[in-house]
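Below you'll find the structure, written out as structure tokens, and then a few comments.
2 protein chains.
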Amino acid sequence: MKALVFRDNQLSVINDRPEPQPAADEVVIDVRLAGICRTHIEITRGYMSFEGVLGHECVGVVSRAGGAAGKKWLDRRVVCEINCVCGKCDMCLTGLRNHCRQRTVIGISGRDGAFADYIVVPQRNCHRVPETMSDEEAVFVEPLAAAIQVVKQVPVDSRMKVTVLGDGRLGLLVGQVLQSVGCSPRLVGKHPKKMAFAEKRSIRVVPLEDLKPANTDDLVVDCTGSPKGLETAMQLVRPRGIIMLKSTCAAGEPLNLSPLVINEVHLIGSRCGPFLEAIEMLAKKEVNVSGLISRRFKFDRSLDAIRAAGDHDSLKILLAM
Amino acid sequence: MKALVFRDNQLSVINDRPEPQPAADEVVIDVRLAGICRTHIEITRGYMSFEGVLGHECVGVVSRAGGAAGKKWLDRRVVCEINCVCGKCDMCLTGLRNHCRQRTVIGISGRDGAFADYIVVPQRNCHRVPETMSDEEAVFVEPLAAAIQVVKQVPVDSRMKVTVLGDGRLGLLVGQVLQSVGCSPRLVGKHPKKMAFAEKRSIRVVPLEDLKPANTDDLVVDCTGSPKGLETAMQLVRPRGIIMLKSTCAAGEPLNLSPLVINEVHLIGSRCGPFLEAIEMLAKKEVNVSGLISRRFKFDRSLDAIRAAGDHDSLKILLAM
Chain V
1 MKALVFRDNQ
11 LSVINDRPEP
21 QPAADEVVID
31 VRLAGICRTH
41 IEITRGYMSF
51 EGVLGHECVG
61 VVSRAGGAAG
71 KKWLDRRVVC
81 EINCVCGKCD
91 MCLTGLRNHC
101 RQRTVIGISG
111 RDGAFADYIV
121 VPQRNCHRVP
131 ETMSDEEAVF
141 VEPLAAAIQV
151 VKQVPVDSRM
161 KVTVLGDGRL
171 GLLVGQVLQS
181 VGCSPRLVGK
191 HPKKMAFAEK
201 RSIRVVPLED
211 LKPANTDDLV
221 VDCTGSPKGL
231 ETAMQLVRPR
241 GIIMLKSTCA
251 AGEPLNLSPL
261 VINEVHLIGS
271 RCGPFLEAIE
281 MLAKKEVNVS
291 GLISRRFKFD
301 RSLDAIRAAG
311 DHDSLKILLA
321 M
Chain Y
1001 MKALVFRDNQ
1011 LSVINDRPEP
1021 QPAADEVVID
1031 VRLAGICRTH
1041 IEITRGYMSF
1051 EGVLGHECVG
1061 VVSRAGGAAG
1071 KKWLDRRVVC
1081 EINCVCGKCD
1091 MCLTGLRNHC
1101 RQRTVIGISG
1111 RDGAFADYIV
1121 VPQRNCHRVP
1131 ETMSDEEAVF
1141 VEPLAAAIQV
1151 VKQVPVDSRM
1161 KVTVLGDGRL
1171 GLLVGQVLQS
1181 VGCSPRLVGK
1191 HPKKMAFAEK
1201 RSIRVVPLED
1211 LKPANTDDLV
1221 VDCTGSPKGL
1231 ETAMQLVRPR
1241 GIIMLKSTCA
1251 AGEPLNLSPL
1261 VINEVHLIGS
1271 RCGPFLEAIE
1281 MLAKKEVNVS
1291 GLISRRFKFD
1301 RSLDAIRAAG
1311 DHDSLKILLA
1321 M
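Line by line, the protein sequences are chains V and Y. If you read the first sequence in the numbering used here, its first letter stands for residue 1, the second for the next number, and so on. If you read the second sequence in the numbering used here, its first letter stands for residue 1001, the second for the next number, and so on.
Below, the structure is given as structure tokens:
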């Protein structure tokens, strides 16, 4: 099969990668559409020291089951959770499966991802996609779930003064999720096209260059994908306020956390979120994702697609298998 | 009067500094004993860009009142809160006086400190010292309050697995405070004499070199005073666990916070704490502070005292006026 592989510090398209074989509790998904995420760019910079097939946002059809348990998924259109867990460790047994001690993560850690003809995942990672939902919507389930995680970790209410830092794909999803729970966030950006999307969704936009440090925000969500984001967040959040950190980066950056100590700020790391809620929000059209698609590439142009995803003006880039 | 002043990047003892004059709501404290804190060393490295008289841990006797309100303090032995607040800003009006927008902080920001014959403070910052309490105990009220703040910000219970990072003065106070609420913390250190103090207080000690990163702690309190402490803390705390950051440093350090995001850790900055509770704990002998005093210097040797406080083996160094 064909696959986009990162190995020996290099990204390449391979046409003769062996098809993955499902274990008894796994299924094979025939990938139809996949999304490119900032994490991919960080992986090519060394994040997680990952080698293998990239890709963790996808929608496809289950084409094979490794055992009886997976048979119910055959021919179903699905999206799949990215954390593949043991079900037995202290994290799994205390309701924190996404933090499983033995987990592999699709296309990020210890398991091949979705930029390929086929991907193998545990059958229990699958979620059925409603028929009324297009592939172009379903491919946003994973990043939307990550955005929803913000309001799962922090009780957000309409009286809170909230800022989203970053006008990228994740920031624009987080902004919409915050709106959906009654919040009126402002979004700080620096790319005109991306800021225009937010404005169209009635999200108040402040260009980064016009931002005034005031330490008055109750909550700042850092979706910049850059270590600089936290520095800005520390200038915006009020004493005893909350910063949510969604950015994972390959490299560190000189950082002085004294403002966080002085202002007794809560800094909360945030990663993957609830798929079922993301599917429901998309099904109810509570978020707009079609406007977030910048381009769609065929798989044989996947290296161009990765490059395009790195462009400053790019929002979501999709890969069609 | 004599005073220890930091100015133009230099610490010096001055003998002819004018005595400070109290405003109507202020009192003059005749300082008897003061403690040296790690913050002083950071200030001499540029922290807070402070210039003036150092010192924010002290006990003394009120010798003058600027107005009628302060008269009740005359001749009283007192300790004083270090944040001098406006009482009118949004922080003051919402119960966060220590975060007052217009605050000055004794010996740290915008206001002369206690390494001097006299210090002027708002009369409402004073707390009476019980007669049964020695000056050597009272001088620990401020750092003990900062240690107590840890358990004010996070509900700690006996079932939690807790690590205190750092065997310095603050770490040894935090360890005892955690014990006082039923916790059995372990303390990570690297100085034999300091670790011996913890062991004498029945705190389990692990030398830093023997520490195994395991991501199993529910709570890690970083009292190292070093940017490296957070890195260690991220290796110890469990997914969704809590790191409390007590260290303020003048300089930043390259830092990659990805583990915090991946493990969805709560990082909580923590600064000043409740004086009344600290006085009560000391009065009830619930913490031992006498074992924390390494040396006592007369004021004319205050430069030696500051140097001694920087020694790796030093615990609390006191300055007698």
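Glycine included, every Cβ here is placed at the ideal spot set by N, Cα and C.
V261 of chain V reaches chain Y at L1245, K1246, S1247, T1248, G1269, S1270 and R1271, counting residues in chain order whose Cβ is nearer than 8 Å.
DSSP, read as helix, strand or coil, puts M244 of chain V in strand. Of the candidates Y:P1227, Y:S1290 and Y:L1257, Y:S1290 places its Cα closest to the Cα of L1173 of chain Y.
Around the beta-carbon of L318 of chain V, 16 or more other beta-carbon atoms lie within 10 Å, marking it buried. Using a Cβ-Cβ cut-off of 8 Å, P1254 of chain Y counts as an interface residue toward chain V, since at least one Cβ of chain V sits closer than that to its own.
If one requires a minimum length of 4 residues, the alpha helix (DSSP H) runs lying completely within the segment 128-178 of chain V are 135-138 and 141-153, in chain order. Annotated as proximal: D25 of chain V and A69 of chain V, with beta-carbon spacing under 8 Å. The beta-carbon of R1159 of chain Y is placed no less than 8 Å from the nearest beta-carbon of chain V.
The residues P143, L292, L315 and K316, in chain order, have a CB closer than 7 Å to that of R169 of chain V in the same chain once the five nearest residues on each side in sequence are set aside.
The beta-bridge partner set that DSSP reports for T1104 of chain Y consists of Y:C1084. The segment 235-243 of chain V makes contact with the segment 1095-1103 of chain Y: 3 or more CB pairs, one atom from each, lie closer than 8 Å.
When the alpha-carbon of V1062 of chain Y is set against those of Y:H1056, Y:L1074, Y:P1020 and Y:A1196, the nearest one is in Y:L1074. For the alpha helix (DSSP H) assignment, the uninterrupted runs of no fewer than 4 residues enclosed by the segment 1029-1084 of chain Y are, from N- to C-terminal side, 1038-1043. Contact note: L96 of chain V reaches chain Y through P1239 and R1240, using a C-beta cutoff of 7 Å and chain order.
Residue-level contact check: L1219 of chain Y does not touch chain V, since none of the beta carbons of chain V fall below 8 Å from its beta carbon. Going by DSSP, G269 of chain V is part of the beta strand (DSSP E) stretching over H266 to G269.
Spatial neighbours of G1273 of chain Y in its own chain (CB-CB distance under 6 Å, excluding positions within 5 residues in sequence) are listed in chain order as A1145, A1146, I1148 and Q1149. With contacts defined as CB atoms closer than 8 Å, F1115 of chain Y and L1208 of chain Y fail to qualify as a contacting pair.
For A305 of chain V, DSSP assigns no beta-bridge partner whatsoever. Residue-level contact by beta carbon holds for H1266 of chain Y and chain V, with a gap shorter than 8 Å. Interface with chain Y (8 Å Cβ-Cβ cutoff): H56 of chain V is excluded. It is roughly 7 Å from the alpha-carbon of I1108 of chain Y to the alpha-carbon of M1048 of chain Y. Cβ-Cβ distances below 7 Å link I36 of chain V to A305, I306, A309, I317 and L319 in the same chain, with the five nearest sequence neighbours on each side left out; the list follows chain order. Neighbours of H127 of chain V in chain Y, taken as residues at a C-beta separation under 7 Å, are lacking, since the least C-beta distance is about 21 Å.
In the structure shown, L255 of chain V falls within a strand segment according to DSSP collapsed to helix, strand and coil. If you draw a straight line from the Cα of L1276 of chain Y to the Cα of E1131 of chain Y, it is about 15 Å long.
If you look at G229 of chain V, you'll find it in the alpha helix (DSSP H) that goes K228 to L236. The residues P130, T132 and M133, in chain order, have a CB closer than 8 Å to that of A283 of chain V in the same chain once the five nearest residues on each side in sequence are set aside.
Bounds of the alpha helix (DSSP H) holding A196 of chain V are P192 to K200.
Sequence-ordered contacts of the segment 94-125 of chain V with chain Y read L96 and H99 [C-beta pairs closer than 7 Å]. L292 of chain V is outside the set of residues whose beta carbon lies under 8 Å from a beta carbon in chain Y. Under the three-pair Cβ rule at 8 Å, the segment 246-259 of chain V counts as touching the segment 1242-1258 of chain Y. For the pair C84 of chain V and R124 of chain V, the Cα-to-Cα distance works out to about 9 Å. Excluding the 5 residues flanking it on each side, V1028 of chain Y has same chain C-beta neighbours closer than 6 Å at P1022, S1063, R1064, Y1118 and V1120, in chain order. Not flagged as an interface residue toward chain V: S1226 of chain Y, since no C-beta distance is shorter than 8 Å.
At least one CB atom of chain Y sits nearer than 8 Å to the CB of S258 of chain V.
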